[in-house]
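Numbering-wise (the numbering used here), the sequence shown opens with residue 5 and increments by one.
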Amino acid sequence: MVVCGPPKIVTINVTTACFAACRYCHYWYAPEEKRIDRSDLAAYVRSASALGTRVIRISGGEPLTHSDLPQLVGLVDDMGMVSMVCTSACQELTALLALVDAGLDIMAISIDLLDAAEFRKLRGYSIESVLANLEALAALRPVKRFEIVISTVLTRLNVHSLGPLLSLVKEKDLLLNVTPFQGGGLKPKLLQGIALSAADRASIESTVAHLKEEAQHGLRLLNSDPFLDGFADFMTQGLLPQGHICTAGEKEAIITVDGELKLCHSFEPLSGGSLQALWYSDEATRIRSRMRNLDCPRCWLSCHADERRPLSHTYGLTELEGLL
């Protein structure tokens with residue numbers, strides 16, 4: 005039997021709406037748009053707080069399409085929890101500043117590479133507005149005290165061209181989180197040109213070595229060396245490190261746009277009860293046992309690998325260490 009404490013992080017997927025067309029994402033070709041209303045959002049935050057959660061991660065879809073996002077961030081701040089919003093950051097700057105003014109602790113911005121043509125090919129929107137917003141946001145951090153994380157997915161499109169992005173992250177003193185491309189469940193046409201194979205192993209290992217070296221020279225990289233070392237086997241053969249045990253379902257929870265609870269994106273949702281009742285339910289315990297036994301699609305995400313590099317946080321709260 006898997007016994008666990010409260011979730012450290014609760015992710016709330018506030019909407020399925022999204023104007024991007026990221027090639028490795030399911031949301032943009034979803035058949036309908038849904039969103040959680042304001043009263044339910046507030047109830048989920050209060051339930052997470054009562055359960056003992058420290059971080060509320062707000063995602064989607066594109067969460068900034070939800071008009072109640074600043075109020076949600078403000079509520080998280082009022083309740084003494086850490087707020088994190090995952091966004092493309094290609095909206096009007098005023099929408100992003102409203103989150104900062106509401107007390108946002110972490111803004112995670114998706115950028116995989118800086119080449120404008122390749123970026124549009126991968127994500128379906130222009131990088132120019134993203135970089136302009138990033139410039140303005142980075143300048144505000146010493147005053148507003150929040151961190152910016154650049155979220156990067158490693159694919160065939162950027163495995164040879166991360167250098168300029170790493171230079172930008174170091175220049176602006178941002179945080180970087182790198183995830184290997186997963187690919188599970190995507191339509192074959194979306195995989196073309198972005199999935200890596202056994203022939204790319206040397207390129208993946210070279211990129212990993214570059215990341216680790218840059219982390220020794222000022223790059224604020226969140227990923228640990230053991231997590232990075234798993235990239236080549238995972239991306240070329242779908243293999244996880246020998247003896248790996250996934251404990252993500254014991255530390256993180258996902259509230260779907262339908263108000264259901266997931267312990268992992270790969271597993272069926274739980275419904276019909278409060279957050280606390282579902283989190284400690286017998287069915288949740290069974291899912292955690294399956295995750296520990298890798299009776300699952302076997303992804304290699306940082307939450308599943310449970311690996312983070314210890315970092316000091318220059319702009320945000322000192323308590324952010326260990327929470328990202």
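Glycine included, each C-beta is placed from N, C-alpha and C at the ideal position.
Sequence-distant residues of its chain with Cβ nearer than 7 Å to residue i (five each side left out)
| i | result |
| --- | --- |
| Lys-216 | Asp-229 and Leu-232 |
| Leu-282 | Leu-265, Leu-274 and Ala-288 |
| Asp-237 | Leu-243 |
| Ala-52 | Val-14, Ile-60 and Leu-279 |
| Gly-78 | Ala-106 and Gly-107 |
| Gly-253 | Leu-267, Cys-268, Ile-291, Arg-292 and Met-295 |
| Pro-1 | In the structure displayed, the chain extends from 5 to 328; residue 1 sits before or after that span and is not available. |
| Gln-95 | Leu-68 |
Alpha-carbon to alpha-carbon, residue j and residue i
| i | j | result |
| --- | --- | --- |
| Gly-9 | Glu-122 | 43 Å |
| Arg-290 | Leu-144 | 45 Å |
| Ile-249 | Thr-98 | 43 Å |
| Ser-293 | Cys-268 | 13 Å |
| Val-7 | Glu-139 | 44 Å |
| Leu-73 | Phe-150 | 17 Å |
| Leu-305 | Val-157 | 10 Å |
| Asp-82 | Ala-206 | 48 Å |
| Gly-276 | Thr-260 | 13 Å |
| Cys-26 | Arg-313 | 27 Å |
| Gln-220 | Ile-152 | 20 Å |
| Ala-136 | Leu-321 | 25 Å |
| Leu-100 | Lys-148 | 13 Å |
Sequence-distant residues of the same chain with beta carbon closer than 6 Å to residue i, five excluded per side
| i | result |
| --- | --- |
| Leu-76 | Leu-45 |
| Lys-12 | Arg-58 and Lys-255 |
| Leu-186 | According to the sequence as given, residue 186 is Gln; it is not Leu. So the qualifying residues of the chain are Cys-303. |
| His-70 | Val-18, Thr-19 and Arg-39 |
| Phe-271 | Ile-291 |
Sequence-distant residues of its chain with Cβ nearer than 8 Å to residue i (five each side left out)
| i | result |
| --- | --- |
| Ser-201 | Thr-240 |
| Ala-120 | Ser-130, Ile-131 and Glu-132 |
| Leu-223 | Leu-170, Val-173, Lys-174, Leu-180 and Leu-215 |
| Pro-146 | Tyr-319 |
| Val-104 | Met-111, Leu-141, Leu-144, Lys-148 and Phe-150 |
| Glu-218 | Leu-170, Lys-174 and Leu-225 |
| Thr-159 | Tyr-28, Asp-116, Leu-126, Phe-185, Ile-198, Ala-199 and Leu-200 |
Under 8 Å between C-beta atoms of residue i and residue j
| i | j | result |
| --- | --- | --- |
| Val-89 | Ile-115 | no |
| Leu-169 | Leu-117 | yes |
| Ser-329 | Gly-56 | Residue 329 cannot be examined here, being either before or after the span of the chain that is shown, 5 to 328. |
| Ile-2 | Ser-155 | Since the first residue of the chain shown is 5 and the last is 328, residue 2 is not available in this structure. |
| Asp-109 | Val-163 | no |
| Ile-198 | Leu-161 | yes |
| Pro-184 | Phe-235 | yes |
| Lys-38 | Asp-262 | yes |
| Val-134 | Ala-102 | no |
Coarse secondary structure for residue i, derived from DSSP in three states
| i | result |
| --- | --- |
| Val-257 | First, the amino acid is wrong: residue 257 is Ala here, not Val. Ala-257 falls in the strand class under three-state DSSP. |
| Val-14 | strand |
| Ile-113 | strand |
| Cys-307 | helix |
| Pro-168 | helix |
| Ile-249 | coil |
| Lys-38 | coil |
| Pro-301 | coil |
| Met-88 | strand |
| Asn-137 | helix |
| Thr-404 | An answer regarding residue 404 cannot be provided, because it is not within the stretch 5 to 328 covered by the chain. |
| Ile-198 | coil |
| Ile-154 | strand |
| Val-59 | strand |
| Thr-69 | helix |
| Arg-224 | strand |
| Val-49 | helix |
CB contact check: residue i to chain D, cutoff 8 Å
| i | result |
| --- | --- |
| Val-173 | Among the chains of the structure shown, chain D does not appear; only one protein chain is present. |
Review point. Is there contact here, the region 65-72 with the region 13-32, by at least three beta-carbon pairs under 8 Å?
Key: Touching, yes, given that three or more Cβ pairs across the two stretches are closer than 8 Å.
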